[in-house]
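> A single structure is presented below for examination.
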Amino acid sequence: MADAFAELLWPTRCVFCEMPGELLCEKCRASLPWICQRWACPDCGAPFGYLTCTECEHDWETRTVICSMGFSGAPARMVSCLKDAHELRLAPVIAAAMATSLDEASSWPARDGCARFDPSAIDALCFVPATPAAYARRGFDHMELVSCALGRELGLPVADVLARRDAKDQRALGKKDRAENLAGTVEVVDDVAGLDLLLADDVVTTGTSMRESARALLARGAASVTGCALARVW
Ligand SMILES: [Zn+2]
Ligand SMILES: [Zn+2]
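For the sequence shown, numbering that gives the first Met the number 0 gives the first residue as 0, with consecutive numbering after it.
This is the structure:
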């Protein structure tokens, strides 16, 4: 009843083109900038990096990273509407997109020769946490919501094992400054020894948040960290 009333007052519109009806209309769904997993870099998830990658030195701590789409248009709006406009109904939409790409990536090998994604080889799903400042501003951790939905899609338990201290806002910083700014700001707050983990984030830009999180998990004895994200900036 409350939902029907809200729908009457504020009809659901497409987050990208504002067409009334669905959160992501059929037209926008059909033109999402999917990354083809066959040709994506198995190390950093950038598109077309399978043979030679311009976006990484193939030295990431994650065993592989699987990104669903380029960070532009609809995916960029999906992330900002979830985070900043509190459109929480986008969390399962984002999770479904990530699950689709993970499924596609299961057909292709990582550098270790094993499938990039194999749910039976993963013990739990964890996520790059919001900074305390972002959490205080928004009142929720959007990646926790996405991870809960993704865990349900994949049949994996969600392990809330990472915590973050505030660092300076990353957006204005270059690659080297981002790494220095984040060094030591991610903490592991539970036992992860021996676990093979799937680590989720919204957007991989230079990879510093994901790499810093993976480094912290491996330092605490995690067996492996497979990264995944909705979007990749390159
Ligand atoms: Zn649309
Ligand atoms: Zn790469």
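For every residue, glycine included, the Cβ atom is placed at its ideal position computed from N, Cα and C.
Confirm, please, whether the CB-CB distance from F15 to R231 is below 8 Å.
Indexing the sequence shown from 1 puts residue 231 at position 232. Indexing the sequence shown from 1 puts residue 15 at position 16. In this structure, F15 does not lie closer than 8 Å to R231 by Cβ.
> On the DSSP bridge list, what partners appear for I65?
Working through the sequence shown from its first residue, we reach residue 65 at position 66. Answer is C227.
> Is M18 near ligand 1, going by C-beta to nearest heavy atom under 7 Å?
As a position in the sequence shown, residue 18 is number 19, starting the count at 1. Yes, since a heavy atom of ligand 1 falls inside the 7 Å radius drawn around the Cβ of M18.
> Taking the runs of the alpha helix (DSSP H) that are 4 residues or longer, which of them lie wholly in the region 33-113?
Runs of the alpha helix (DSSP H) inside the region 33-113: 72-83 and 89-104.
> What I want to know is whether the C-beta of C80 ends up closer than 7 Å to one or more non-hydrogen atoms of ligand 1.
As a working note, residue 80 is residue 81 in the sequence shown. No, ligand 1 has no heavy atom inside 7 Å of this Cβ.
> Three or more C-beta pairs under 8 Å: does that hold for the region 169-182 against the region 114-129?
These segments do not touch.
> I'd like the span of the beta strand (DSSP E) that includes R136, first residue to last.
What you label residue 136 is simply residue 137 of the sequence shown in a count that begins at 1. Segment P131 to R137 is the alpha helix (DSSP H) holding R136; no beta strand (DSSP E) there.
> Report whether the distance from the Cβ of E60 to the nearest heavy atom of ligand 2 is below 7 Å.
Mapped onto the sequence shown, residue 60 falls at position 61. Flag unset: Cβ of E60 not near ligand 2.
> Which residues have their C-beta within less than 6 Å of a heavy atom of ligand 2, listed in chain order?
Here the residues come out as C40, D42, C43, A45, G48, C52, E54 and C55.
> Would you report the Cα separation of T207 and L7, rounded to the nearest angstrom?
The sequence position of residue 207 within the sequence shown is 208, counting from 1. The sequence position of residue 7 within the sequence shown is 8, counting from 1. So the alpha carbons of these two residues sit roughly 43 Å apart.
> Which whole-angstrom value is the C-beta distance of A222 and D195, which I expect to be below 8 Å?
Within the sequence shown, numbered from 1, the residue matching residue 222 stands at position 223. Within the sequence shown, numbered from 1, the residue matching residue 195 stands at position 196. Contact holds; Cβ gap of about 5 Å.
> Span of the alpha helix (DSSP H) holding D2?
Within the sequence shown, numbered from 1, the residue matching residue 2 stands at position 3. Here the alpha helix (DSSP H) through D2 covers A1 to L8.
> Put A240 into one of helix, strand or coil per three-state DSSP.
Outside the modelled stretch of the chain, which goes from 0 to 233, sits residue 240, for which no answer is possible.
> So is D200 buried or exposed if we call it buried at 16+ other beta carbons inside 10 Å?
Along the sequence shown, one-based indexing puts residue 200 at 201. Buried, because 16 or more other Cβ atoms sit within 10 Å of the Cβ of D200.
> Of the choices E86, P19, R214 and G48, whose alpha-carbon is the least far from that of A182?
Position 183 of the sequence shown, counting from 1, holds the residue named residue 182. Answer by Cα proximity: R214.
> Considering only residues of the same chain and omitting the five flanking positions on each side of P46, which have a CB-CB separation below 6 Å?
As a first step, residue 46 must be located in the sequence shown, where it is residue number 47. Here the set comprises I34 and A39.
> Starting from the C-beta of C24, find all residues in its chain whose C-beta is less than 7 Å away, skip the five residues before and the five after it, and write them out in chain order.
Numbered from its first residue, the sequence shown carries residue 24 at position 25. Cβ neighbours of C24 beyond the five flanking positions: C13, C16 and M18.
> Under 8 Å, do P32 and M68 count as touching if we go by C-beta distance?
Reading the sequence shown from its first residue, position 33 is the one you call residue 32. Reading the sequence shown from its first residue, position 69 is the one you call residue 68. Cβ distance < 8 Å, so P32 and M68 count as in contact.
> Determine the closest residue to V224 out of A166, A192 and E179, with distance taken between C-alpha atoms.
Position 225 of the sequence shown, counted from the start, is the residue given in the question as residue 224. When only C-alpha atoms are compared, the closest one is A192.
> Going by beta carbon distance, what residues of the same chain come within less than 7 Å of S212, once the five residues before and after it are set aside?
As a first step, residue 212 is located in the sequence shown; it is residue number 213 there, counting from the start. Excluding residues within five positions, the ones whose Cβ falls inside 7 Å are V127, L161, V185 and L198.
> Is DSSP giving R170 helix, strand or coil here?
Position 171 of the sequence shown, counting from 1, holds the residue named residue 170. R170: coil per DSSP, three-state reduction.
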